[in-house]
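Quick mapping for you: the protein sequence lines, in order, are chains A and B. Going by the working numbering, the first sequence opens with residue 21, and the numbers climb by one from there. Going by the working numbering, the second sequence opens with residue 816, and the numbers climb by one from there. A virtual CB, placed ideally from N, CA and C, is assigned to each residue, including glycine. What follows is a set of notes on a single structure, which appears directly below.
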Amino acid sequence: MDNLLRFRDDEPHEEPAVTLDAFLEQSDATAVRLEAGEDARLLIPHFGRLALVEVSFPRFRDGRGYSSARILREAGYTGELRAEGDVLVDQLLFMRRCGFDSFAPAQPLDLDVVKASLERYPNVYQTAADRSVPVWNLRHG
Amino acid sequence: MYKYDRFDQEIVDARVDEFRDQTRRRIAGELSEDQFKPLRLKNGLYLQLHAYMLRVAVPYGMMSGRQLRMLGHIARTYSRDYGHFTTRQNMQFHWIKLEQAPDILAELATVEMHAIQTSGESIRNISSDHFAGAAADEIADPRPWAELIRQWTTFHPEFSYFPRKFKIALTASDNDRVAALSHDIALKLVPGPDGEIGFCVHVGGGMGRTPFIAKLVRPYLPPQHLLSYIAAIMRVWNRYGRRDNIHKARIKILVHDLGAEEFTRQVEEEWQLMLPTEPPFPQAELDRIAVQFAPPPFETGLADTIDPAAAADPAFARWLTHNVHAHRQPGYAIVTVSLKPPGGIPGDITADQLELLADLAERYAFDELRSTHAQNVVLPHVRKADLHALWQALDAAGLATANVDLVSDIIVCPGLDYCSLANARSIPVAQKIADRFADYDRQKDLGELKIKISGCINACGHHHVGHIGILGVDRKGTENYQLLLGGSGAEDAALAKITGPGFDEDGVVDAVERTIERYRQLRTEGERFLDTYRRVGFEPFKEAIYG
């Protein structure tokens, strides 16, 4: 976890993430790891005890995790949402917009490039899971 | 035509900066080619056989004279004095150097153009009717919706790492001029039960090695739900589309595997779940965009005729017959500029020609141009009184070929002359067919006949939906061509059927000729090739081709 990059003010969650099956079986688990093909909606009844969801990106080109993140945030999940695996700097902005607020990349990221990537676009065209206001709202107040 | 405001401009400028940084990191070795490839593809930059190729987006095919002049400048400065219009209404330039790509994007941004999402596993440039705003047969102008979709799909954070590419087409007429049903999503503006105009939604069309005609998913979608419904379709596919096999990754495979009914059920279920948190677009935004597509200041009271003295010129008369179409405004006409001259490369246009078309659009067509999926250019609003002068100017530049929708108006991919995916050359086949049928009277006699040629199974040349399709394959190291019959990319969409064993280059041209001669024997008066084929079936043609 040396590469962990967080955009949250709370302390990192200490408990290890367990598999989805294990999480659903163990009523006291508080952290879960979601593989790319697994259904994020299965977690919705358990938000009360859930502090960390780690979404796996086996390859950076595998975009299923973006939908997992949107589904969790749309359903009201407010805990830590971590992208783990083949997480690269050029995908970070979209991940942030989909609701990820922590990152565990397999390879360390250049923090200067991270900062530039996240700050480059002054405007966005869509509502997403972040606080960015889409331009159609800026245009019409 | 849509004009960028400062928000649009800032986004495109930021993209230039981002791509410049990504290119720098690639050249410095900070990004591997594996990591860089999807990034450059999302910006339309392909590595081809001889050099890079840059595909510039032409959203729903609309361009101004200023933009065309910039494309001419780029052709001259960074390529080899020409560009190429694609079957998605875009323009691509061959012979590009990687290190110059960011500079090209910076130049494009000065005229409100870009290369965003013209390739890669993302939502591609939206295509729409090249006669929009001019055609008499549309029920509403599709362009405000196309622009709304363009913006909303630009850098969509959830839908930028799809299983495969994703293409949307939008029409507003019963006459489909965009091959809509060959798209991942085909949207058609239709009246709803209460008279409001919304969308009929088809999903899962496509070409490639497994072609499908898109299937009906929703007969009527109220307009305010357009974006959330598209999002639901894309989310179902993003989650459940196949990622284990690139050839089975398109949404058409998911729709086919699930069946249209089950796919629709999943989309509707997802949509209901998304609706509470997916705010609709503000009506004021659609209104803001729509104002920019208001009709140009047409003159009224113009004579709705063409000067008979000029029309006595047979060459002009031919052009009027094939390249000029009815406009909704009396006194005006729609002009198609054919980029299929004898001996030319279909879709290619020189820098000089681009600049000339820019001048002519400004002088005669309210500064508007359209690119078509058939790789031609349209001047949508021309006074009938100006047609002769326009024709003379086009003719002097080799742009007045009178062959729209005739046998020599062939759609063709770049093929093995350029493309690293191709198995066979496609351009020379098109040239030989056009040459074989060069005689105008012969072409005219054959009437509407759409030949489409692809140099490999990826089907960029739309061979599956050609009245006559040709597919180039590699057979034991030599180029071989399969012939297909009976496809259509129009409102009567159909997939063409392979005739049998393939041919060499000259052999396939001969086979096309035998096919066409059989059609001439079988047709009833005024019957198109496609209609004859549908009436008599496959066998008489097969017999003619193989004897």
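Cβ pair residue i, residue j closer than 7 Å
i	j	result
B/A1245	B/V1227	yes
B/R1185	B/G876	yes
B/W910	B/A872	no
A/H33	B/A1099	no
B/I1000	B/V1018	yes
B/A1105	B/R979	no
B/V993	B/H1188	yes
B/G1302	B/H1279	yes
B/A1166	B/R891	yes
B/S1241	B/G1284	no
B/I1266	B/G1281	yes
A/Y145	B/Q966	yes
B/D825	A/N157	Reading off the sequence shown, one finds Glu at residue 825 of chain B, where the question assumed Asp. Not closer than 7 Å, so no.
B/R1143	B/A951	yes
B/F1096	B/L1036	no
B/W1052	B/L1031	no
B/L1205	B/Y1179	yes
B/E973	A/C118	yes
A/E35	A/A51	yes
A/S122	A/R26	yes
B/A949	B/D956	no
B/Y976	A/G68	no
B/S924	B/V831	Checking the sequence, you will find Ala at residue 924 of chain B rather than Ser. For B/A924 and B/V831, yes; Cβs fall inside 7 Å.
Per-residue burial, residue i [other beta carbons within 10 Å of its own, 16 or more giving buried]
i	result
A/R153	The amino acid occupying residue 153 of chain A in the given sequence is Val; Arg does not appear at that position. Classification for A/V153: exposed.
B/P765	Because residue 765 of chain B is not part of the residues shown, which for chain B are 816 to 1362, the question remains open.
A/R93	buried
B/I1268	buried
B/A1130	exposed
B/N940	buried
B/L1202	buried
B/N858	buried
6 Å Cβ shell around residue i - same chain, five flanking residues per side excluded
i	result
B/A1274	M1022 and G1023
B/L860	Y867, L869 and A916
B/A1326	L1298, F1318 and I1360
A/L70	G99
B/L1151	With the sequence shown as reference, residue 1151 of chain B is identified as Thr, and Leu is not the correct amino acid for it. Once the five neighbours on either side are set aside, the close Cβ partners of B/T1151 are N1138, N1191, V1193 and V1219.
A/L129	V109
B/I1272	R1024
B/A1047	V1082, E1085, W1086 and M1089
A/E74	A37, R53, R102 and E104
B/P1229	none
B/L1231	A1237, A1239, R1240 and G1270
B/G1162	H899, F900, L1154 and Q1190
B/I1160	I1242
B/A1075	K1030
Neighbourhood of residue i by C-beta distance below 8 Å, restricted to the same chain and skipping five residues each side
i	result
B/Q1087	none
B/P1355	R1333 and L1337
B/R1290	G1317
Cβ shell of residue i (< 7 Å), same chain only, five flanking positions each side left out
i	result
B/H998	K982, I983, A984, G1020 and A1029
B/Q1168	A1212 and L1214
A/Q111	F80
Residue interval of the alpha helix (DSSP H) (run including residue i)
i	result
B/Q1246	I1242 to R1251
A/S76	Segment L72 to F77 is the beta strand (DSSP E) holding A/S76; no alpha helix (DSSP H) there.
B/P1006	Segment I1000 to P1006 is the beta strand (DSSP E) holding B/P1006; no alpha helix (DSSP H) there.
B/I1360	E1354 to Y1361
B/P1129	P1129 to N1138
B/A984	Not the alpha helix (DSSP H): B/A984 falls in the beta strand (DSSP E), residues I983 to T986.
A/N23	Here A/N23 belongs to no alpha helix (DSSP H), and DSSP marks it neither H nor E.
B/Y1055	L1041 to Y1055
B/I826	R821 to I842
B/Y885	Before going further, note that residue 885 of chain B is Met rather than Tyr in the sequence given. Segment G880 to Y893, the alpha helix (DSSP H) holding B/M885.
B/I1331	E1320 to L1337
Terminal residues of the beta strand (DSSP E) in which residue i lies
i	result
B/G898	Y897 to F900
B/S1269	I1266 to S1269
B/D849	Counting along the chain, B/D849 falls outside any beta strand (DSSP E), though it belongs to the alpha helix (DSSP H) covering E848 to L856.
B/M906	M906 to I911
B/H1017	I1012 to V1018
B/A1148	Y1147 to V1152
B/V1219	First-last for B/V1219: undefined, no H or E at that position.
Practice task
Can you check the region 1175–1209 of chain B for any beta strand (DSSP E) of at least 3 residues that lies completely inside it and give the ranges in chain order?
Solution key: 1184–1186 and 1192–1198
Problem - Start-end ranges of the alpha helix (DSSP H) lying completely within the region 1066–1112 of chain B, minimum 4 residues - result: 1066–1073, 1075–1089 and 1098–1106
Practice task
Can you check the region 34–84 of chain A for any alpha helix (DSSP H) of at least 4 residues that lies completely inside it and give the ranges in chain order?
Solution key: 40–45
Problem - Complete alpha helix (DSSP H) runs within the region 82–142 of chain A (minimum length 4 residues, chain order) - result: 84–94, 112–117 and 131–139
Practice task
Let me know the beta strand (DSSP E) ranges lying completely inside the region 1257–1317 of chain B, each 3 residues or longer, listed in chain order.
Solution key: 1266–1269, 1283–1290 and 1293–1300
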